[in-house]
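Structure first, then comments.
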Amino acid sequence: LTGEKMDRYNRWITINPYSRWTYKEWSDPKWIDIIQWLWKEFAMPTIVIGSPDENSKVEALIRQCTTPAFNFAGKTTLAELAGLLKLSHLHIGVDSAGPHIAAATGTPTVTIYGPSSWQDWAPVGEQHRVVLPDMDCVPCKKKGCNHSGRSLCLKALSTDSVKSVISEIMKKP
């Protein structure tokens, strides 16, 4: 944390905006909105996690943020990542390993699902929430709409929907 200039913060929120499968990803402008809102609403910086392959995407994402955001993509071992997530106040992410590791450490999660089945994959428990697009096709279990590799349901999911669920979790004692 010291090497990444995080030592001045005692609380943070982690996010994993990317997945090995792009059809599970939400757009960067929406993540930027969430990251900036988290700082303004809760005065907590965001640590963005991901694989080494996602490091440059994460760097490009946080460069567009005007609030404190830190790139930890590919910079931790699995054990260090688990420790980081355990100390996180909340983890927000797409359907990938991040929410599961956070849940295993006892950290509350908000996970965005679209084409994949949250009933099969989401962390279970009162402190774990799922945000879904309000569309009849969800979950379609397809790898994107019309063979595009992108999911229209995730494009339709608003940041306000995600912010509402985050606010509910953050208000819990």
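So in the numbering used here, the last one in the sequence shown is 173, and the numbering has no gaps at all.
From the three backbone atoms N, C-alpha and C, an ideal C-beta is built for every residue, glycine too.
Taking C-beta to C-beta, are residue 98 and residue 49 nearer than 9 Å?
As a working note, residue 98 is residue 98 in the sequence shown. As a working note, residue 49 is residue 49 in the sequence shown. Cβ atoms of residue 98 and residue 49: closer than 9 Å.
Taking a contact to mean a Cβ-Cβ separation below 9 Å, would you say residue 83 touches residue 103 in this structure?
Here residue 83 is taken as the residue at index 83 of the sequence shown, counted from 1. Here residue 103 is taken as the residue at index 103 of the sequence shown, counted from 1. No, Cβ-Cβ distance for residue 83 and residue 103 is not below 9 Å.
Looking only at C-alpha atoms, which of 10, 43, 90 sits nearest to residue 172?
For this step, residue 172 is matched to residue 172 along the sequence shown. Here the closest residue by C-alpha is 90.
Here's a check: name, in chain order, each residue in its chain whose Cβ is nearer than 7 Å to the Cβ of residue 13, leaving out the five neighbours to either side.
For this step, residue 13 is matched to residue 13 along the sequence shown. The residues are 38, 44, 46, 88, 89, 90, 92.
Could you pull out every unbroken alpha helix (DSSP H) segment of at least 4 residues lying fully inside the stretch 119 to 159, listed in chain order?
Correct list: 152 to 156.
Answer yes if the stretch 101 to 116 comes into contact with the stretch 51 to 69, meaning at least three C-beta pairs across the two stretches below 8 Å, and no otherwise.
The stretch 51 to 69 is not in contact with the stretch 101 to 116.
State the CB to CB distance for the pair residue 17 and residue 81, rounded to an integer number of angstroms; the pair is presumed to be in contact (CB under 8 Å).
Residue numbering aside, residue 17 sits at position 17 when the sequence shown is read from its first letter. Residue numbering aside, residue 81 sits at position 81 when the sequence shown is read from its first letter. In fact, because the Cβ distance is near 15 Å, the residues do not count as touching under 8 Å.
Taking just the CA atoms, how far does residue 40 sit from residue 152?
Counting from one through the sequence shown, the residue named residue 152 turns up at place 152. Counting from one through the sequence shown, the residue named residue 40 turns up at place 40. Taking the straight line from one Cα to the other gives about 29 Å.
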